[in-house]
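Residue numbers (my numbering), protein chains in the order written: chain A, 5 to 728; chain B, 934 to 1011.
Backbone N, C-alpha and C define an ideal beta-carbon position, used for all residues, glycine too.
For reference, the structure is listed below as structure tokens.
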Amino acid sequence: MTEPQVYRELGLTDAEYQRILGILGREPSSTELAMFSVEWSEHCGYPRSRKYLKLFPQTGKYQALVGEDAGGIVYDDTAIIFKMESHNHPSQVEPREGAATGVGGIIRDIFTSGARPIACLDSLRFGDISNPFNKFIMNGVIDGIQFYGNCVGVPTVGGEIYFNNAYAGNCLVNVMCVGICKKDELVRARAEGIGNSIIYAGSRTGRDGIGGCSVLASAEFKCTDEEKRPTVQVGDPFTEKCLIEATLESLKTGVVTGIKDMGAAGLTCSSSEMAAAGGVGIEFDLKDIPLREEGMEPYEIMMSESQERMLLCVKAGQEKKIIDIYTKWGLEAVKIGAVIEGGLIKIANNGEPICEVPVKELANAPLYDLPWEENRKSKIDNRKLDKPKDLNKVLLKLLASPNIASKKAVFEQYDHMVQTNTSVYPGGDATVLRIKGKPWGLAVTSDCNGRYVQLDPYLGAQIAVVEACRNLVASGADPAGVTDCLNFGNPEKPDRYFYFKRAVEGIADICRQMELPVVSGNVSFYNESPQGAIFPTPTIGMVGIVKDIKKRCSVPFKDRGDLIVLLGKNKEELGGSEYLSVIHGQEAGSPPELDLELEKRVQSVCLTAIEVGIVKSAHDLSEGGLAAALAECAILGKMGASIRLKDTFREDALLFGESQSRIILTIAPQDIFALTDIAMLFALPFEIIGKVGGKKLAVEGPKKKLLDLPVAKLADAYFSALRR
Amino acid sequence: MAKVKIYVTHKKGILDPQGKTVETALKSLGYKNVSDVHIGKYIELEIEGRDVKQQVKEMCEKLLSNPIIEQYRFEVET
């Protein structure tokens, strides 16, 4: 009889344990119990989130590929596979290895589909960096990303970093990877064909991250709790590089019927899910698993999260072909078992049976609908906010705020050029990648303003999606598909669960309206520390198609005399803004409103104008509003601008408010007629707000001069904040 | 004045890619009888005053080792 304490320690409830007894008709062995506990944890089975994840649209304007580990879209003859995943808890425990293995894990998810990884993006959240501990975590995470990413030969081309004390006890490390292959070369994560062989390939199995999966993902962080620290997984990017090459070569042989990365919950998850997906059973003996250490218990072997391992299903009689390829790349590959009839996963240890479980039941985690409780909305009264006297000072302070300041000090540590496809570099709205031999390219971005989501989860999550779209559009790409990484607090607390529910509904609704499929994603709950929950952060990763790579667009001002055009409308909105937080010390109010019809028209005009070829630079407006966006175009273009604004509402809101649906473009003066035509086509009002030129950014309002600053001084504030 | 010798190694069971690589290289040089290669670091320092052991322990926990994945031991020679 298993003591309740044991299964509870593993994260199973009494009811879940009863269900296991019902499935098996007997007491589970310790290995079986451990396997159920991980398969039914949030990390693998999504029992607390699946209900809402079903809301996501699976189709869009491009053909979507949904349903395997990593999804994607099809364009031309190419499948573009992408996924984002979190590695928050491991990174909080051991920042360098945690982040490094996060990168390794998501790269494996991509190439197991047969796609070659071409880019990674990292979306990071830390506590205030004036605190040395937060800085230590950040430096460790960045070091891990640059170490693993640079060694493995996949460029780290973008991402985002936000700082807020909500993340002080629980940092977020979300990594996205994009890969490409011919659409008919895709491979599925399933076991097929009775009698086919199951082959284990890659690194040996050690005691890495045992229980990490269920214990880490289902317990909140308490810093003093040394006992819960599991063995940390350590990655080896050079092995991973060989694994990429060996795996892609194996998949080309045509004898691999299915393949899965041994990620979360290692061998348990990969074997049972491959069998469940194929509607078959799997049989193997643990004595055949290559081990790194002696004396490992069966449940340890099944739970181990050792990195750089793969499970393949190979046609009977063809095993040698595959084993030879892995051996050639210096990797171990052994046959451990076979596909069997009957839908059971049968595991023996030296011939002695230790597990016999129906895979369908194992892979079918319980589904919970948790109670939620609406949070009170915060309000601010703009009239009660002091108007700053010196707007120049405000702009400099905002540009030096770590959330707006240039992240160059971080991304220049990453190799963003390896594979030589990066054609618009990181540091702007989205990164553009060429695809060798094709006239088209890809733009990639990630986005989420957690503060907005905290203030209004439905609206905040929608803004994350439309802003990611605007980032792509401003680079000349048509938004094509979404992946998400949903980071939230403890779902068993109704106020936290409300954030999750509303944010998912927001993303689902807006994606449907923008015709974007959600092709893949990941949920990370329990992001809490004794200080409370993180800001709810549904990070959106997005891929867009640049139909003509020659017409890509970037942020910097290009030529003196060009006209600066504002698409969209300025509104008097300050809620949730960076300005309100940095200057007034408040994180309150409602995020800016979203008029979806206006948003669509702004994006259509911008994209059409770029595709026609008249746009010289484009920049989406986000944190820091119009003034920060103009400053960024000027700083990156090393040239000034003189601007005249007509709006008569309060000046701080005009300059620093974060109203949505706005993009600034620059065009040559003679192209104004072409732009007017395009704008009329989409019935979008636009405004010529100024001209590029000079060494200063000068902004005049209807009554007086608002800003007058040398670009060099702006650049100093913008570039030095993160370096200091 | 005391001389302190500190040895930092991976904790048992943690993957040691450097050790693994060196092991493979040794084998390829013909030393087929080699196994279980582990690479760590050796630190020497001199220190004055009392509570030497306590202070060195603190240094190891805070800076010289990464207590999450590494273990250390040290010898004090007076």
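* **Proximity to CYS246/A [Cα-Cα], best of ILE263/A, ALA205/A, GLY267/A** => When each option's Cα is compared against that of CYS246/A, the closest is ALA205/A.
* Would LEU649/A be called buried (16 or more neighbouring beta carbons within 10 Å of its own) or exposed? -> The residue in question, LEU649/A, is buried, as its Cβ has 16 or more Cβ neighbours within 10 Å.
* **C-beta neighbour in chain A for ILE1002/B, strict 8 Å** => Yes - at least one Cβ of chain A is within 8 Å of the one on ILE1002/B.
* To the nearest angstrom, report how far apart VAL219/A and ASP451/A are at their CA atoms. => Residue placement at VAL219/A is poorly supported in this model, since its pLDDT is 42, which falls under 50; the coordinates still yield a value, given next. Spanning the two alpha carbons is a distance of roughly 29 Å.
* Taking 7 Å as the cut-off, does the CB of LYS938/B come closer than this to any heavy atom belonging to the ligand PLP? -> For the ligand PLP, the structure offers nothing, since it holds no ligand at all.
* Taking only the alpha-carbon atoms, compute the straight-line gap between PRO392/A and LEU718/A and give it to the nearest angstrom. => Rounded to the nearest whole angstrom, the C-alpha separation of PRO392/A and LEU718/A is 19 Å.
* **Beta carbon proximity, LEU948/B to chain A, threshold 8 Å** => It does; some Cβ of chain A falls within 8 Å.
* With DSSP collapsed to three states, give me the class of THR105/A. => In the structure shown, THR105/A sits in a helix (DSSP, three-state: H, G or I).
* Using CA coordinates, which residue listed in LEU371/A, PHE690/A, GLY153/A, GLY173/A is at the minimum distance from HIS420/A? -> Minimum Cα distance to HIS420/A is reached at GLY153/A.
* Along chain B, which residues have their Cβ under 7 Å away from the Cβ of GLU297/A? -> Residues of chain B passing the Cβ test: GLY946.
* The alpha helix (DSSP H) with LEU571/A in it runs from where to where? -> In this chain, LEU571/A is not harboured by any alpha helix (DSSP H); it is covered by the beta strand (DSSP E) spanning 567-571.
* To do: Could you tell me whether the Cβ atoms of SER665/A and LEU602/A are closer together than 8 Å?
  => Cβ atoms of SER665/A and LEU602/A: closer than 8 Å.
* GLY75/A to PHE86/A, Cα distance in whole Å? -> Cα to Cα, the separation comes out at about 6 Å.
* Distance between beta carbons of VAL343/A and GLY199/A, contact taken as under 8 Å -> Distance from GLY199/A to VAL343/A at the Cβ level is roughly 6 Å; contact confirmed, criterion being Cβ atoms closer than 8 Å.
* **Whole-number beta carbon distance between VAL469/A and ILE538/A, since they are thought to touch under 8 Å** => Contact between ILE538/A and VAL469/A fails: their C-beta atoms lie close to 20 Å from each other, not under 8 Å.
* Asked: What's the C-alpha gap between ALA434/A and ASP482/A?
  -> Distance between ALA434/A and ASP482/A, taken at the CA atoms: about 12 Å.
* Taking Cβ-Cβ distances shorter than 7 Å, what residues in chain B pair up with VAL97/A? -> Within chain B, the residues near VAL97/A are ILE1001.
* Scan the segment 305-321 of chain A for residues whose Cβ lies nearer than 8 Å to a Cβ of chain B and list them as they occur along the chain. => Listed by position, the residues of the segment 305-321 of chain A near chain B (Cβ gap below 8 Å) are SER310, GLN311.
* To do: Please work out which residues of its chain come closer than 7 Å, Cβ to Cβ, to VAL527/A, disregarding the five sequence neighbours upstream and downstream, and give them in chain order.
  => Excluding positions up to five away in sequence, the list reads GLU46, TYR50, SER53, LEU490.
* Which residues of chain B have a Cβ atom closer than 9 Å to the Cβ of ASP265/A, listed in chain order? -> Scanning chain B for C-beta atoms nearer than 9 Å to the C-beta of ASP265/A yields nothing, as the closest lies near 17 Å away.
* Asked: So with Cβ pairs under 8 Å, would you call ASP240/A a contact of chain B?
  -> Taking CB atoms only, ASP240/A has a neighbour in chain B less than 8 Å away.
* Note down the Cα distance separating ASN425/A from LEU190/A, rounded to an integer number of angstroms. => So the alpha carbons of these two residues sit roughly 22 Å apart.
* Collapsed DSSP secondary structure at ASN966/B in the structure displayed -> Three-state result, ASN966/B: coil.
* To do: Could you say if the segment 561-570 of chain A and the segment 672-690 of chain A meet the contact criterion of at least three C-beta pairs nearer than 8 Å?
  => Touching, yes.
* Asked: When you compare each of MET546/A, ILE202/A, GLU101/A to LEU948/B by their alpha carbons, which one comes out closest?
  -> Of the residues MET546/A, ILE202/A, GLU101/A, the one whose Cα lies closest to the Cα of LEU948/B is GLU101/A.
* When DSSP labels each residue in this structure, what does ILE439/A get in the three-state scheme? -> Residue state for ILE439/A is assigned as coil, using DSSP reduced to three classes.
* Output yes if chain A places a C-beta closer than 8 Å to the C-beta of THR1011/B; else output no. => Answer no: the Cβ-Cβ gap between THR1011/B and chain A never drops below 8 Å.
* **Proximity test, Cβ basis, 8 Å: LYS995/B and chain A** => No, its Cβ sits nowhere closer than 8 Å to a Cβ of chain A.
* Looking only at its own chain, which residues have a Cβ that is under 6 Å from the Cβ of VAL477/A, when we skip the five neighbours before and after it? -> Around VAL477/A: GLN607, CYS610, LEU611.
* **Cβ shell of LYS944/B (< 8 Å), same chain only, five flanking positions each side left out** => Taken in chain order, the residues that qualify are ILE1002, GLU1003, GLN1004.
* Run through the segment 529-588 of chain A for me and flag every whole alpha helix (DSSP H) of 4 or more residues, listed as ranges in chain order. => Within the segment 529-588 of chain A, the complete alpha helix (DSSP H) runs of at least 4 residues are 582-588.
* If you run the structure through DSSP and keep just helix, strand and coil, what is GLN62/A? -> DSSP, reduced to helix, strand and coil, places GLN62/A outside both helices and strands of the structure shown, so it counts as coil.
* In angstroms with no decimal places, state the Cα-to-Cα distance between ASP289/A and GLY26/A. => Take the alpha-carbon of ASP289/A and the one of GLY26/A: they are about 26 Å apart.
* Closest to SER558/A by CA distance: which of THR670/A, VAL338/A, GLU576/A is it? -> Of the candidates THR670/A, VAL338/A, GLU576/A, the one whose C-alpha sits nearest the C-alpha of SER558/A is THR670/A.
* **GLY480/A - containing beta strand (DSSP E), residue span** => Here GLY480/A belongs to no beta strand (DSSP E), and DSSP marks it neither H nor E.
* Asked: Could you give the uninterrupted runs of the alpha helix (DSSP H) lying entirely in the segment 120-157 of chain A, keeping only those of 4 residues or more?
  -> For the segment 120-157 of chain A, whole alpha helix (DSSP H) runs of length 4 or above, ordered along the chain, are 136-156.
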